[in-house]
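Numbering (this note's numbering), first residue to last: 19 to 285.
Everything on this sheet refers to the single structure shown next.
Structural data, given as structure tokens:
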């Protein structure tokens with residue numbers, strides 16, 4: 019599929035809605051935001067249509083998220099892993115920025131009925147503030163639509179936004195020492211190799227050894243190759259890496275959204 023101009027308005031076709039993909043993204047989002055109490059089959063078809071249209075119009079949700087969902091689905095299938103113990107998933111979303119994927123990740127990994135607890139972390143307070151507002155706005159779409167039992171704080175599917183260094187918090191207080199899933203979107207190895215080397219080493223060592231999976235996405239071809247090479251030297255085993263066929267062009271040559279997606283486990 020050819021890349022589309024970055025400023026072109028695009029229709030959001032949710033996975034499962036005529037795409038041949040697995041679980042419907044909207045169904046998984048309803049499951050997440052209703053705390054597992056509702057699915058598409060429980061709701062009026064007119065309401066479902068309205069929700070799809072609202073997501074299409076929402077500035078807090080985009081076609082990029084549909085494409086990321088499809089790539090995560092492929093990556094997880096290829097790994098043969100089933101992250102989580104006792105139907106619970108501890109998820110670390112590291113260097114999350116404004117966290118466009120904040121609602122997608124728990125919906126995706128919780129689609130089999132698992133409980134997902136996501137810690138979305140970034141050093142920058144401003145980015146975390148944007149992330150929190152973005153997630154709340156998406157949640158409000160489902161609340162206004164009358165979805166039963168829209169997730170409230172401290173219920174089972176929680177998302178905690180934290181402005182801090184993960185190395186200061188992980189393993190202390192409420193933040194677990196190990197994670198079933200770690201996600202780094204648009205890792206930035208070129209920005210500071212030594213810093214990212216420490217980040218990669220940290221996340222490899224914090225994966226649940228038996229079934230944990232690290233997912234990364236990259237903007238550039240060469241940077242992705244270098245990241246995987248470095249992760250291997252730090253004890254990572256690359257189970258899946260593939261270029262996203264629906265990646266969206268950005269304003270720098272060779273830079274596209276989630277251009278590559280990879281899944282890595284402990285060797």
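All residues carry an ideal CB built from backbone N, CA and C; glycine is no exception.
- In this model, residue 131 and residue 123 are separated by some 14 angstroms (Cα to Cα).
- When rounded, the separation of the alpha-carbon atoms in residue 63 and residue 262 is 32 angstroms.
- In this structure the region 64-83 does not lie against the region 206-217, because fewer than three pairs of beta carbons, one per stretch, are closer than 8 angstroms.
- Rounded to the nearest whole angstrom, the C-alpha separation of residue 48 and residue 146 is 24 angstroms.
- Distances from the alpha-carbon of residue 89 to those of 258, 157, 195, 186 put 258 closest.
- Taking 7 angstroms as the cut-off, the Cβ atoms of residue 140 and residue 184 do not count as close.
- Residue 105 and residue 133 do touch by the CB rule: their CB atoms are close to 6 angstroms apart, below 8 angstroms.
- In the same chain as residue 56, and ignoring 5 residues on each side of it, the C-beta atoms closer than 8 angstroms to its own belong to 48, 49, 165, 166, 167, in chain order.
- Taken through DSSP and simplified to helix, strand or coil, residue 154 comes out as helix.
- Here residue 143 is exposed. Its C-beta has fewer than 16 other C-beta atoms within 10 Å.
- Taking the CA atoms as reference points, residue 85 sits about 18 angstroms from residue 239.
- Around the CB of residue 285, fewer than 16 other CB atoms lie within 10 Å, so the residue is classed as exposed.
- Short of 7 angstroms from the beta carbon of residue 245, and not among the five residues preceding or following it, lie these beta carbons of its own chain, in chain order: 205, 207, 234, 236.
- Rounded to the nearest angstrom, the gap between the Cα atoms of residue 121 and residue 76 is 13 angstroms.
- For residue 117, the CB contacts under 6 angstroms within the same chain, skipping 5 residues up- and downstream, are 138, 149 in chain order.
- Residue 236 sits in a strand when the DSSP states are folded into three classes.
- Secondary structure note for residue 223: its alpha helix (DSSP H) is the uninterrupted segment 211-224.
- Using a Cβ distance threshold of 7 angstroms, residue 282 and residue 252 do not count as a contacting pair.
- The Cβ atoms of residue 108 and residue 229 do not sit closer than 7 angstroms to each other.
- Between the C-alpha atoms of residue 193 and residue 260 there is a straight-line separation of about 31 angstroms.
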